[in-house]
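There are 2 protein chains.
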Amino acid sequence: MNPTLSLMSAHRTIRRFADVPLDEGDVERAVAAAQHASTSSNIQAYSLLRVRDEAKREELVELTGGQPQVAQAGGFFVVCGDQRRHALVAGRAGRPYEPNLETFLLAVVDASLFAQNLVLAFESFGYGICFIGGLRNRLPEADRLLALPEHVLPLYGLCVGTGAEEPRRRPRLPLEAVLFDERYPSDDELLRQLDRYDAVMADYYAERGKPGYDWSGGIARKFARRNREHLRGLYESKGARLE
Amino acid sequence: MNPTLSLMSAHRTIRRFADVPLDEGDVERAVAAAQHASTSSNIQAYSLLRVRDEAKREELVELTGGQPQVAQAGGFFVVCGDQRRHALVAGRAGRPYEPNLETFLLAVVDASLFAQNLVLAFESFGYGICFIGGLRNRLPEADRLLALPEHVLPLYGLCVGTGAEEPRRRPRLPLEAVLFDERYPSDDELLRQLDRYDAVMADYYAERGKPGYDWSGGIARKFARRNREHLRGLYESKGARLE
């Protein structure tokens, strides 16, 4: 296995961090390298906001559902889909700027390709990372706190720092349940793969003190009700269009 | 620079490929490593469909706007946001499955974190890659051709193969136009950075036989009209909800 593949394969989420600041040079090197991720027609529809202020980070712990690592990690960032640069240069050129679902999708994809490069770059320096999807729990409040202007869409947070734990890597779906050759499988084939995975995950959860828990059960509970129903309103209030 | 950072920094899109098939072991190793990308609550809301059939690939060249690499690259894949596994296990458990904009966003983000890992894994083996956003040009037809069932949302294509060109790397936005410390910059600050970038990109385009072209001008033209307005209809017809 080459070094990049080893790094990728060793990933696990770190939620406990040592009280060690990020090296500023590391941050710049990681972002600069991550910027070379693919981007649709070079539009680069993303920004990264670093939050340093301690009071703001404490408030974000609350807004993200009580995740202490948001305040404790060496660095906390917000990954944004960013259409503001586009709207600005369109305005300067006297042209209309016409967002729709396609431009929203471009921003989310661009930002996430960049974000994955970014976390791998940080991990290559020895840092641990944790995405904070909980940023969307109370996103209108988080957006106001961060003072993000029109066309800058906060998507998720990112903790980066020196890890203070060594969690076990979480097993993923069998390859056969994710990579399909020529045709999407039947429900029976798919459920057979998911049964295999449930057995693996039941062991994983039992080892972590959660006997009787598996993947399918967690998924069925998770999606039985809608979450974060404010997203569309917030994003549209910031100039995005989802039509 | 460590090997992962060097690899990331050296990325450029490859559009001309040698007639060399992918090594099947490489595909499995790349996908298995890429699956360790972060995923929200381990939902792994993505699938990768490999298209081998030559007639289908020729048809996809047409549907993606005449991109010959879709047929020529060693391998062609479709990256999908996949909520079908979730809907299936919810149904089996007798629970409702409730998609909304949040679940759509989860799928797009999960798929794109996975996809960036995947391309980096392929690049670490020496392959070149090219994302095909043009898959969304005529997405309802592409979706039918690929026979993707409900809750499997095609997002973009991916060509992987042995490169037959050595294009220059495309310069990215200055770091200062992407990474912001504590507060999002003013329009004046941002436009100053974009002017710097326009100068760099004007040189880049002039060298490639497109004098008088820059980044801002291209962006202003690109977003002056809406593209791919069928996306919402297609995704909602497949069970996604964007509310």
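Protein sequence lines correspond, in order, to chains A and B. Take the first sequence: its position 173, counted from the start at 1, is 173 in our numbering, and no numbers get skipped. All you need for our numbering is the position in the second sequence, starting with 1, plus 1000. For every residue, glycine included, the Cβ atom is placed at its ideal position computed from N, Cα and C.
Where do the N-terminal and C-terminal ends of the alpha helix (DSSP H) with residue i fall, by residue?
i	result
B/R1029	E1024 to A1034
B/R1258	What is shown of chain B runs 1001 to 1243, which leaves residue 1258 of chain B out entirely.
A/L231	L231 to S237
B/Q1072	Q1069 to Q1072
B/S1006	P1003 to S1009
B/G1218	W1215 to K1222
By the DSSP assignment, the beta strand (DSSP E) with residue i in it spans what residues?
i	result
B/Y1204	Element bounds for B/Y1204: not the beta strand (DSSP E) but the alpha helix (DSSP H), D1187 to E1207.
Name the chain B residues whose beta carbon is nearer than 9 Å to that of residue i?
i	result
A/H86	I1219, A1220, K1222 and F1223
A/L155	L1105 and V1109
A/T13	S1038
A/L63	What A/L63 touches in chain B: nothing, since even the nearest Cβ is about 16 Å away.
A/L113	S1112, L1113, A1115, Q1116, V1119 and F1131
A/P211	Per Cβ cutoff of 9 Å: no residues; A/P211 is ~18 Å from chain B at best.
For residue i, return the contacting residues in chain B, with the cut-off set at a CB-CB distance below 7 Å.
i	result
A/S41	K1222
A/V89	L1194, S1216, I1219 and A1220
A/F76	Within chain B, no residue comes near A/F76; the closest Cβ sits about 11 Å away, beyond 7 Å.
Bridge partners for residue i per DSSP, in chain order?
i	result
A/G163	A/F17
A/S47	A/C80
B/F1180	A/L49
Who are the neighbours of residue i on chain B, taking C-beta pairs under 8 Å?
i	result
A/Q35	R1172, L1173, L1175 and V1178
A/R232	L1101, L1242 and E1243
A/V31	L1175, V1178 and L1179
A/D187	L1088
A/A73	The contacting residues do not exist; A/A73 stays about 15 Å from chain B at best.
A/A199	Under the 8 Å cutoff, chain B gives no residues; its nearest Cβ is about 14 Å from A/A199.
A/L190	R1084, R1085 and L1088
A/L60	Near A/L60 there are no residues of chain B at all, since even the closest Cβ is about 13 Å away, more than 8 Å.
For a contact defined as C-beta to C-beta under 7 Å, what are the partners of residue i on chain A?
i	result
B/V1152	Y184
B/Y1097	F223
B/E1028	L175
B/F1131	S38
B/A1018	Correct list: empty, because the minimum Cβ distance to chain A is about 21 Å.
Below 8 Å on C-beta distance, what does residue i contact in chain A?
i	result
B/N1117	M8, Q116 and L120
B/T1162	Going along chain A, no residue has its Cβ under 8 Å from B/T1162, so there is no contact; the nearest lies around 17 Å.
B/V1051	E182
B/R1057	Those within 8 Å of B/R1057 in chain A number zero; the least Cβ separation is about 11 Å.
B/P1140	None at all; the shortest Cβ gap to chain A is about 14 Å.
B/A1206	By Cβ distance, chain A contributes nothing, its closest Cβ being about 16 Å from B/A1206, past 8 Å.
B/L1022	Near B/L1022 there are no residues of chain A at all, since even the closest Cβ is about 12 Å away, more than 8 Å.
For residue i, return the contacting residues in chain A, with the cut-off set at a CB-CB distance below 9 Å.
i	result
B/S1237	Neighbours of B/S1237 on chain A: none; closest Cβ ~14 Å, over 9 Å.
B/E1229	N100, L101, E102 and E243
B/N1137	Under the 9 Å cutoff, chain A gives no residues; its nearest Cβ is about 10 Å from B/N1137.
B/L1148	Y184
B/R1144	By Cβ distance, chain A contributes nothing, its closest Cβ being about 13 Å from B/R1144, past 9 Å.
B/A1202	What B/A1202 touches in chain A: nothing, since even the nearest Cβ is about 14 Å away.
B/P1167	Going along chain A, no residue has its Cβ under 9 Å from B/P1167, so there is no contact; the nearest lies around 13 Å.
Does any residue of chain D have a CB that is nearer than 9 Å to the CB of residue i?
i	result
A/Q44	Given the protein chain composition of this structure (A and B), no chain D is represented.
Runs of beta strand (DSSP E) lying entirely within the segment 74-160 of chain A, each at least 3 residues, in chain order: Fully enclosed beta strand (DSSP E) runs of 3 or longer: 75-82 and 128-132.
contact_flag[the segment 63-70 of chain A, the segment 130-141 of chain A] where n(CB pairs < 8 Å) is 3 or more: Under the 8 Å Cβ criterion, the segment 63-70 of chain A counts as touching the segment 130-141 of chain A, having at least three qualifying pairs.
At least 3 beta-carbon pairs within less than 8 Å: the segment 100-110 of chain A vs the segment 170-184 of chain A: In short, these stretches do not touch, since the Cβ pair count stays below three.
Validate contact between the segment 1073-1092 of chain B and the segment 206-222 of chain A using beta carbons, cut 8 Å, 3 pairs: Between the segment 1073-1092 of chain B and the segment 206-222 of chain A, the count of C-beta pairs closer than 8 Å reaches three or more; the two stretches touch.
The segment 1004-1011 of chain B in contact with the segment 157-166 of chain A per 3-pair CB rule at 8 Å: With the rule of 3 Cβ pairs closer than 8 Å, the segment 1004-1011 of chain B does not count as touching the segment 157-166 of chain A.
Segment contact, 8 Å Cβ cut-off, at least three pairs: the segment 44-51 of chain A with the segment 1142-1159 of chain B: Short answer: they don't touch.
Validate contact between the segment 1221-1236 of chain B and the segment 1184-1192 of chain B using beta carbons, cut 8 Å, 3 pairs: Contact between the segment 1221-1236 of chain B and the segment 1184-1192 of chain B is not established, with fewer than three Cβ pairs separated by less than 8 Å.
Inter-stretch contact (C-beta, 8 Å, three-pair minimum) for the segment 29-40 of chain A and the segment 116-126 of chain A: Counting Cβ pairs under 8 Å, three or more are found: they touch.
Stretch-stretch touch, CB-based, cutoff 8 Å, three pairs: the segment 200-217 of chain A with the segment 1067-1082 of chain B: Verdict: no, contact absent.
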